[in-house]
Amino acid sequence: MMEANNYAYDVKQQKCVAFKYGGCLGNENNFETLKKCRSLCDGVVDPTPSGPSAGVCALPISTGKCRAALRRYGYDSTLKKCVSFIYGGCEGNANRFETMEDCQSSCEQQDMPSTIPGNV
1 MMEANNYAYD VKQQKCVAFK YGGCLGNENN FETLKKCRSL CDGVVDPTPS
51 GPSAGVCALP ISTGKCRAAL RRYGYDSTLK KCVSFIYGGC EGNANRFETM
101 EDCQSSCEQQ DMPSTIPGNV
């Protein structure tokens, strides 16, 4: 099967970027044209927090429902530390960081509550 240039939205760059798509599997961030990618994705921002947020760190770690196998890091409020997990590539929640360092600087530097306020 011939590989094709498709487009995906890169939240870090905040723009659509071309990639080689082999035609198998994939996810919903896969567009045949640059125009389609831009029409659906322009303005989307990264849901991964960049600063401290007790609310985010108190969320349970969620792998999401898709089948990608992306190593991510989340704060485990029971263990009171960041742990690695496999993220499926879609859904989930904001307790998901690309690096252990991002997780630690956002969550371990604070005294995180073990529950979200109001959900006791």
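Residues 1 to 120 in the UniProt record's numbering are what the sequence shown spells out, letter by letter. Even for Gly, the Cβ is constructed at its ideal location relative to N, Cα and C.
Given C82 as reference, the closest of G92, T99, G89 once Cα atoms are compared: Shortest Cα-Cα distance from C82 to any of G92, T99, G89 involves T99.
With a cut-off of 8 Å on the beta carbons, I'd call G88 and R67 a contact; round off their distance for me. The Cβ separation is near 6 Å, so the contact holds.
Alpha carbon of E101 to alpha carbon of E108, nearest angstrom: Rounded to the nearest angstrom, the two C-alpha atoms are 10 Å apart.
Kindly indicate which three-state DSSP category residue 191 falls into: helix, strand or coil? Residue 191 is absent from the structure shown; the chain starts at 1 and stops at 120.
Going by beta-carbon coordinates alone, are N5 and C90 separated by less than 8 Å? Taking 8 Å as the Cβ cut-off, N5 and C90 do not qualify as a contacting pair.
Contact under 8 Å by Cβ, D76 with I61: Contact check for D76 against I61 passes: the beta carbons are separated by less than 8 Å.
Can you give the Cα-Cα distance for S39 and L79, rounded to whole angstroms? For S39 and L79, the distance between alpha carbons rounds to 42 Å.
Complete alpha helix (DSSP H) runs within the UniProt domain "BPTI/Kunitz inhibitor" (57–107) (minimum length 4 residues, chain order): With a minimum length of 4 residues, the continuous alpha helix (DSSP H) runs that stay inside the UniProt domain "BPTI/Kunitz inhibitor" (57–107) are 100–103.
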